[in-house]
Structure formats: structure tokens, C-alpha cells
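*Asks:* I am attaching a structure below and will ask some questions about it afterwards.
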Amino acid sequence: MSDPAITIRNVSKRYRRYAHRRQFSTLKSALLTGSLTSALNPDEVFLAVSELSLAVPKGISLGVIGRNGSGKSTLLKLIAGITKPTTGTIKVAGRVSALIELGAGFHPEISGRENVFINGVMLGLSKREITRRFDEIVEFAELEEFIDAPVKTYSSGMYMRLGFAVAVNVNPDVLLVDEVLAVGDEGFSLKCLDKFSEFKRRGKTIVLVTHGLGMVEHFCDEAIWIDGGKLKSKGDPRRVVHSYTSDVQKREEHVLSSADQKLQAAVSGPTQSEPEHSADQSVMRESPPEDMFRAAQGRWGSGPVRIDRVVLERNGKVTHIFQSGDQLAIKLSVSTERPVKDFVFGISIFNPDGICCYGTNTDIEDFLPLEMIGEGQVVFVVENLDLVEGTYKIDVAAHTRQGVQYDYHRLLYTFRVKSGIKDTGIFRPRHRWTFSPNVRFA
Numbered sequence: 125m126s127d128p129a130i131t132i133r134n135v136s137k138r139y140r141r142y143a144h145r146r147q148f149s150t151l152k153s154a155l156l157t158g159s160l161t162s163a164l165n166p167d168e169v170f171l172a173v174s175e176l177s178l179a180v181p182k183g184i185s186l187g188v189i190g191r192n193g194s195g196k197s198t199l200l201k202l203i204a205g206i207t208k209p210t211t212g213t214i215k216v217a218g219r220v221s222a223l224i225e226l227g228a229g230f231h232p233e234i235s236g237r238e239n240v241f242i243n244g245v246m247l248g249l250s251k252r253e254i255t256r257r258f259d260e261i262v263e264f265a266e267l268e269e270f271i272d273a274p275v276k277t278y279s280s281g282m283y284m285r286l287g288f289a290v291a292v293n294v295n296p297d298v299l300l301v302d303e304v305l306a307v308g309d310e311g312f313s314l315k316c317l318d319k320f321s322e323f324k325r326r327g328k329t330i331v332l333v334t335h336g337l338g339m340v341e342h343f344c345d346e347a348i349w350i351d352g353g354k355l356k357s358k359g360d361p362r363r364v365v366h367s368y369t370s371d372v373q374k375r376e377e378h379v380l381s382s383a384d385q386k387l388q389a390a391v392s393g394p395t396q397s398e399p400e401h402s403a404d405q406s407v408m409r410e411s412p413p414e415d416m417f418r419a420a421q422g423r424w425g426s427g428p429v430r431i432d433r434v435v436l437e438r439n440g441k442v443t444h445i446f447q448s449g450d451q452l453a454i455k456l457s458v459s460t461e462r463p464v465k466d467f468v469f470g471i472s473i474f475n476p477d478g479i480c481c482y483g484t485n486t487d488i489e490d491f492l493p494l495e496m497i498g499e500g501q502v503v504f505v506v507e508n509l510d511l512v513e514g515t516y517k518i519d520v521a522a523h524t525r526q527g528v529q530y531d532y533h534r535l536l537y538t539f540r541v542k543s544g545i546k547d548t549g550i551f552r553p554r555h556r557w558t559f560s561p562n563v564r565f566a
């Protein structure tokens, strides 16, 4: 069995965290105070990469995924030799070409032509080799008309195209690519993917840092998930991506839940932990807006019917995250201090632009109220949540049949819809395609 293309053993990379209180700390002050050995306290450093070990076999494509700030780019810089590990060792077999930061290594004041030669030399090519490959590099970058212009006049896309063209044309054994393809247009991105495929056929090793999870699943042979500088998972791309997205969903769930709780507390006044206030004060007593659909977040109403709690569920489980097509249940815990014979319950769903995706109430749907006494529950179920991917807000309301508000909650509840299909709009109707025999698809 051949040696790995990349061998990483117990690598850590420590950076100093600059705090305002130590901004003007100097060697002299450390010597005078006798604090030289303790100048860097544990809370003043952070590990961008922590005791990470990894062996990357030759000829595979490795996808590196993780949240922003998890250490992915630092790992690539360590492999490329741009920065050195604080502890541990890294060994790379063969020539390395890295496309890590947009325009890294380019001098803005000189031309693209001169930068190609400078970068080529930095990557280990001779001047003769660069000259032989120059036309191919420029053609690949699609910069024939601008190659003699100063690089500072280039757009971000032109920067990326030139950097990528140089990186892939030095014939590296190991190609390191960070999330730079995101600035390219679709046509050039496809050209880059074709180049990656060519590299794979030629047995080159590719390490790709990307947020494009679909690309990792379909292009990479293996994947790793880094979180907090540590290796969380390694192996089959689909399994690693699933583990990562499950963790992301948990974090999203927590963020959405916390934000909703803070908002609800802000608009609803005193909580149950403040017994000196009566329960009636949990409903805002100010006059409701004339047009609820144009109102900002808030809560209005004078009772006696109240909506005490709102919960979103998917198949019986409380959540804020749904897949397009999932079941959505909106459960209202309601109460009244005296019997009420005139009552209506309503639900509205809004997208981030404030457009009402759907709204209805019990009166519209011909539920004739008879009587409500004490505490109860109202459940609104959407069997198939056919919305496109995005974040949505919910209004819930209790009012009379004439529209007098008992308790109106405006944009206080959030849920997010996920979808592997990146269609546009709001509503995703159930549909199908048909084609005549002479119109063929793979």
C-alpha cells in the first residue's frame, strides 16, 4: 500500500485572542510585572485546529465541511505550508497547488501576465514551463482581453478565474481548494468541475473546502466534518453530510426557539416568574393596528379569550425546522376566565417579505361557535407543507366574528423550511412533467 498523499499527526494551531484590556501589552511591561510566562492566559488563546490526525490516500477527492470558524481554512493553510502548526507534523507527498484566498499571491499594481509568471515560480514552475503553459492558463481564465491590465482593475470573478487557472495548470499532485468558486459564474464553475474530474481521472489528490454539501456528496470520495478545530466525523460523504446537517438543524432549532422566546417575552410583558402582576397583564392592552398584515411584531387584545401558548410540531415532535412537504401542526393552548359564545381562531403564514402565503380562520371555514369555557386546545394541521425553502412567520389570533380582537399574536412564531430542490417563489404545488418520445432526459 502506497504512502498517503497527506499525513497529519496530532496537529494543533493556536492563535492569540486579542482582548481590549491587553491591547497595549508589551515585552517590557511583561518583564517589569514578572508575568512573562503567564502573558498568554488560557482565555486569551484559541485553538483553530486541535490535535487533529488524518491520512488522505493518494488519488482521492476529500471534501471538508463545517461551520464558519470551525478551522477548515486553517487546516488547508497548514497543509499548504502557508502557516506552521503549533504542535504536530504534516507531510505532503508531491507538488502542492493551493487556491485558498481570493487573489492570494497576486500583486495588484502589476499586470495579470506578470502575476501569472510570479505565481507560477512560487508554485515551483520554471520560467520556460510557465511560458509553455501561459496561453492555456489565459484561455482557461477567459482573460485574453485583460491579461495585460493591472490586477487591481480585475473584478472578484476575474481574480478567482486567474488564480484557479494558474493553480490547476502547474500540474500539482495535491490540489487544495477553498470556497473560492462561490464568486464565479455558473459557466466557469462547471468548467472548474470538469477540471476536477480530469484531475480525478489522472489520479491527483484534491482537498476541497466547501459549503456546497451536494457537491461533496456527488463529487468527493471521502469527507470530513470539522467543528471547533476537531475532527467530528470522517468517511462516506453522504453519512458525514447527514451527521453535519443534523447538527446544523439542532443549532438552528435552538437559535429560532431562543429568538422567538425573547420576542414573545418582549411583547407580552410580565412573565409567570413575576407574581406581583395579574395574568391579565400578559395581553397587551393598547389598541390594535387598523391593518394587522402591515403591523410590526406585537401582541394586542382585551380578552377574555387568550392564547397562552403556541407550539409547532412535525409528526408529534416540537420543532421549528421542516422539510418541504412535511406535516405541520400549530397547537394553540387557549383559555377564558368566563364562558364565551362568540369566538373565532385564525392562522396566517408570512414569508420574510411580509407576503401572506396563506391565511384562514374558523369563521371562514364555517365553524359556528357555541361556547368556550376554561382551558382548551386548538390545533391547525397542514398535512403537506408545500412551501419552498425559506424562513416563515406565523400570526395566530382569537377574536369575535365581527373582528374585535381578544388576543392577536403578530409575527411571533418562526419556522424554517428546508428543501433539496432549489425552486423559487413561495408555494410548491404538487406537479409532474411529461415529455414526448423525442424529448429525452437522462
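Under our numbering, think of the first position of the sequence shown as 125, with each following residue one higher.
For every residue, glycine included, the Cβ atom is placed at its ideal position computed from N, Cα and C.
Because the structure is a prediction, the values reported are computed rather than measured.
1. Which of the three DSSP states, helix, strand or coil, is assigned to G195?
2. Would you mind stating whether L456 and I431 have Cβ atoms separated by less than 8 angstroms?
3. Can you give me the C-alpha to C-alpha distance between M246 and S280, rounded to a whole angstrom?
4. Between which two residues does the beta strand (DSSP E) harbouring H342 extend?
5. Tell me the rounded alpha-carbon separation between E400 and D351.
6. Taking Cβ positions, are D302 and S197 nearer each other than 8 angstroms?
7. Excluding the five sequence neighbours on either side, which residues of its own chain have a C-beta within less than 6 angstroms of the C-beta of I497, listed in chain order?
8. For F551, which of helix, strand or coil comes out of DSSP?
9. Counting C-beta neighbours from all protein chains within 10 Å, is the total for T460 16 or more, i.e. buried, or is it exposed?
10. Per DSSP, I518 forms a beta bridge with which residues?
11. Got a sec? Which residues, its chain only, sit under 6 angstroms from V331 by beta carbon, not counting five neighbours each side?
12. V292 to A419, Cα distance in whole Å?
13. Which residue wins for smallest C-alpha separation from W349, given the options L176, D127, F474?
14. Can the beta-carbon of D510 be found less than 8 angstroms from the beta-carbon of F551?
15. What ranges does the alpha helix (DSSP H) occupy inside the stretch 259-295, keeping only unbroken runs of at least 4 residues that lie completely in it?
16. Per DSSP, what are the beta-bridge partners of W349 in this structure?
17. Taking L202 as the reference, give the member of G190, I479, I224 with the closest Cα.
18. Which residues mark the beginning and the end of the alpha helix (DSSP H) in which M246 is found?
19. Grab me the residues of L355's own chain with a C-beta within less than 7 angstroms of its C-beta, minus the 5 sequence neighbours each way, in chain order.
20. Please tell me whether V169 and R140 are closer than 8 angstroms, where the distance is taken between their beta carbons.
21. Can you list, in chain order, the residues of its chain with a C-beta nearer than 6 angstroms to that of T577? Leave out the 5 residues immediately preceding and following it.
22. Roughly how far, in whole angstroms, is the beta-carbon of T329 from the beta-carbon of I184, given that I think they are within contact range, below 8 angstroms?
23. Can you tell me which of the three DSSP states A204 falls into?
24. Please look up how many angstroms separate the CB atoms of V468 and N485, rounded, as I've assumed it's under 8 angstroms.
25. Residues in the same chain with beta-carbon distance under 8 angstroms from S194, minus the five sequence neighbours each way, listed in chain order, please.
26. If you follow the alpha helix (DSSP H) that R438 is in, where does it begin and where does it stop?
27. Specify, as a first and last residue, the run of the alpha helix (DSSP H) that L314 falls within.
28. Less than 8 angstroms between the beta carbons of R219 and P296, yes or no?
29. Using CA coordinates, which residue listed in P274, V442, G449, D318 is at the minimum distance from I545?
30. In terms of alpha-carbon separation, which member of C481, F343, R375, M282 lies closest to F230?
31. Quick check on R252: buried or exposed, where buried means 16 or more other Cβ atoms within 10 Å of its Cβ?
32. State the Cα-Cα distance for the pair D519 and N475, rounded to the nearest angstrom.
33. To which residues of the same chain is A403 closer than 6 angstroms at the C-beta, ignoring the five residues directly before and after it?
34. Would you please verify whether the beta carbon of G478 is less than 8 angstroms from any beta carbon of chain C?
35. By Cβ distance, which residues of its chain are closer than 7 angstroms to R438, with the 5 residues on each side in sequence left out?
*Replies:* Concretely, from the data shown:
1. G195: coil per DSSP, three-state reduction.
2. Yes, these two residues count as a Cβ contact at 8 angstroms.
3. Their Cα atoms are separated by approximately 22 angstroms.
4. It is not in any beta strand (DSSP E) - H342 instead sits in the alpha helix (DSSP H) that spans 337-343.
5. Residue placement at E400 cannot be trusted, given a pLDDT of 35 that sits under 50; what the coordinates show is reported in the next sentence. Roughly 45 angstroms separates the two Cα atoms.
6. Yes, the Cβ-Cβ distance between D302 and S197 is below 8 angstroms.
7. Taken in chain order, the residues that qualify are P463.
8. Strand.
9. By the neighbour-count rule (16 or more Cβ atoms within 10 Å), T460 is buried.
10. BP columns for I518 point to I473, Y537.
11. Excluding five sequence positions before and after V331, the CB atoms of its chain that fall closer than 6 angstroms to its own CB belong to L186, L300, given in chain order.
12. Answer to the nearest angstrom: the Cα atoms are 54 angstroms apart.
13. If you compare the alpha carbons of L176, D127, F474 with that of W349, the shortest gap goes to L176.
14. Taking a C-beta distance under 8 angstroms as the contact criterion, D510 and F551 qualify as a contact pair.
15. Every alpha helix (DSSP H) of 4 residues or more that sits fully in the stretch 259-295 is shown, in chain order, as 280-292.
16. Partner(s): I189, S357.
17. If we check each option's Cα against that of L202, I224 comes out closest.
18. Run containing M246: 236-246, per the alpha helix (DSSP H) assignment.
19. In the same chain as L355, and ignoring 5 residues on each side of it, the C-beta atoms closer than 7 angstroms to its own belong to L176, L178, I348, in chain order.
20. In this structure, the beta-carbon distance from V169 to R140 falls below 8 angstroms.
21. Here the chain comprises residues numbered 125 to 566, so residue 577 is not present and cannot be evaluated.
22. Cβ-Cβ separation between T329 and I184: approximately 6 angstroms, consistent with a contact (criterion under 8 angstroms).
23. DSSP, read as helix, strand or coil, puts A204 in helix.
24. With a beta-carbon spacing of about 5 angstroms, V468 and N485 fall inside the 8 angstroms limit used to define contacts.
25. Non-local beta-carbon contacts of S194 in its own chain, meaning distances under 8 angstroms to residues more than five positions away in sequence, involve I350, D351, G352, G353 in chain order.
26. If you look at R438, you'll find it isn't in any alpha helix (DSSP H); it sits in the beta strand (DSSP E) that goes 430-438.
27. Start and end: 310-325.
28. In this structure, P296 lies closer than 8 angstroms to R219 by Cβ.
29. For the residues P274, V442, G449, D318, the minimum Cα distance to I545 belongs to G449.
30. Nearest C-alpha to F230 among C481, F343, R375, M282: M282.
31. Residue environment for R252: exposed (fewer than 16 other C-beta atoms within 10 angstroms of its C-beta).
32. The alpha-carbon atoms of D519 and N475 are separated by roughly 11 angstroms.
33. At A403 the pLDDT is 37, less than 50, meaning the model places this residue with poor confidence and gives no usable figure here.
34. The chain labelled as chain C is not found in the depicted structure, where only one protein chain is given.
35. The beta carbon of R438 sits closer than 7 angstroms to the beta carbons of F446, D450, Q451, L452 from its chain, once the five residues preceding and following it are set aside; these are given in chain order.
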